[in-house]
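Quick note: the sequence shown uses the numbering used here, first residue 5, plus one each step.
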Amino acid sequence: MGKKKAISKNGVEGLIIPNKWDENGNTIGIAIHTNKEEVYLIAHNRIESELLSHIHLKVRVKGKIMERLDGNKLIHVSSFKHIVKEGR
5 MGKKKAISKN GVEGLIIPNK WDENGNTIGI AIHTNKEEVY LIAHNRIESE
55 LLSHIHLKVR VKGKIMERLD GNKLIHVSSF KHIVKEGR
(Lines of atoms letter the chains of each structure in order from A; the text may use other names.)
(Lines give C-alpha, C1' and ligand atoms only; values in the text may rest on other atoms or scores of the structure.)
Protein backbone atom coordinates (compact mmCIF):
# COMPACT_ATOMS: atom_id res chain seq x y z
CA MET A 5 0.00 0.00 0.00
CA GLY A 6 2.89 2.38 0.58
CA LYS A 7 3.81 4.92 3.18
CA LYS A 8 1.35 7.19 4.87
CA LYS A 9 1.78 10.81 5.81
CA ALA A 10 0.46 12.25 9.09
CA ILE A 11 -1.83 15.21 8.49
CA SER A 12 -3.44 15.79 11.88
CA LYS A 13 -3.81 14.58 15.44
CA ASN A 14 -7.27 16.09 15.88
CA GLY A 15 -10.62 14.44 15.49
CA VAL A 16 -13.63 14.38 13.24
CA GLU A 17 -17.39 14.25 13.63
CA GLY A 18 -19.74 12.31 11.41
CA LEU A 19 -21.75 9.15 10.74
CA ILE A 20 -20.24 5.70 11.01
CA ILE A 21 -20.91 3.90 7.74
CA PRO A 22 -19.88 0.36 6.66
CA ASN A 23 -17.28 0.35 3.89
CA LYS A 24 -16.01 -3.25 3.75
CA TRP A 25 -17.80 -6.61 3.97
CA ASP A 26 -16.76 -10.26 4.18
CA GLU A 27 -18.01 -13.00 1.84
CA ASN A 28 -21.08 -13.48 4.09
CA GLY A 29 -22.11 -9.82 4.00
CA ASN A 30 -20.88 -9.02 7.51
CA THR A 31 -19.38 -5.58 8.05
CA ILE A 32 -15.63 -5.83 8.59
CA GLY A 33 -14.60 -2.23 7.86
CA ILE A 34 -16.09 1.16 8.66
CA ALA A 35 -15.58 4.82 7.83
CA ILE A 36 -16.70 8.18 9.17
CA HIS A 37 -18.65 10.35 6.70
CA THR A 38 -18.66 14.03 7.70
CA ASN A 39 -21.19 16.73 6.83
CA LYS A 40 -18.47 18.23 4.57
CA GLU A 41 -18.61 15.05 2.44
CA GLU A 42 -15.21 13.89 3.69
CA VAL A 43 -14.58 10.20 4.31
CA TYR A 44 -12.18 8.90 6.94
CA LEU A 45 -11.44 5.18 6.94
CA ILE A 46 -11.18 3.74 10.46
CA ALA A 47 -7.88 1.93 11.11
CA HIS A 48 -8.10 -1.61 12.49
CA ASN A 49 -7.65 -1.58 16.27
CA ARG A 50 -9.58 -2.36 19.46
CA ILE A 51 -11.69 0.80 19.21
CA GLU A 52 -12.75 -0.06 15.66
CA SER A 53 -14.37 -3.19 17.12
CA GLU A 54 -16.32 -1.00 19.56
CA LEU A 55 -17.36 1.39 16.78
CA LEU A 56 -18.83 -1.50 14.77
CA SER A 57 -21.75 -1.48 17.23
CA HIS A 58 -22.38 2.22 16.48
CA ILE A 59 -23.01 1.95 12.71
CA HIS A 60 -25.32 4.68 11.37
CA LEU A 61 -24.86 6.78 14.52
CA LYS A 62 -23.22 10.18 14.73
CA VAL A 63 -19.98 10.23 16.70
CA ARG A 64 -17.04 12.47 17.47
CA VAL A 65 -13.76 10.58 17.25
CA LYS A 66 -10.27 11.66 18.26
CA GLY A 67 -7.11 10.17 16.89
CA LYS A 68 -4.20 10.46 14.53
CA ILE A 69 -5.24 11.20 10.94
CA MET A 70 -3.04 9.98 8.10
CA GLU A 71 -3.31 10.39 4.35
CA ARG A 72 -2.59 7.23 2.38
CA LEU A 73 -0.73 7.30 -0.91
CA ASP A 74 -4.01 6.59 -2.70
CA GLY A 75 -5.39 9.87 -1.27
CA ASN A 76 -7.78 8.29 1.24
CA LYS A 77 -7.72 9.57 4.81
CA LEU A 78 -7.25 7.04 7.61
CA ILE A 79 -7.86 7.74 11.29
CA HIS A 80 -6.34 5.72 14.13
CA VAL A 81 -9.10 6.31 16.69
CA SER A 82 -7.97 6.77 20.28
CA SER A 83 -11.39 7.71 21.68
CA PHE A 84 -14.95 8.40 20.58
CA LYS A 85 -18.19 9.83 21.89
CA HIS A 86 -21.70 9.19 20.61
CA ILE A 87 -23.42 12.48 19.74
CA VAL A 88 -27.03 12.55 20.87
CA LYS A 89 -29.46 15.01 19.28
CA GLU A 90 -31.07 17.41 21.70
CA GLY A 91 -34.54 16.37 22.80
CA ARG A 92 -33.67 12.68 23.06
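Note that CB positions come from ideal geometry on N, CA and C, so glycine has one too. Just so we're clear, the structure is a prediction, and the values are computed from it rather than from any experiment.
Enumerated in chain order, which unbroken segments of the beta strand (DSSP E) with a length of 3 residues or greater are wholly contained in the stretch 10-85?
15-25, 31-37, 43-46, 62-71
By Cβ distance below 7 angstroms, which residues in the same chain neighbour A35 in space, the five residues on each side in sequence not counted?
I21, N23, V43, Y44, L45, I46
Nearest to L78 (by Cα), restricted to the options H60, N30, N49, E27
N49
Quick check on L55: buried or exposed, where buried means 16 or more other Cβ atoms within 10 Å of its Cβ?
buried
Can you tell me whether DSSP reads K89 as helix, strand or coil?
coil
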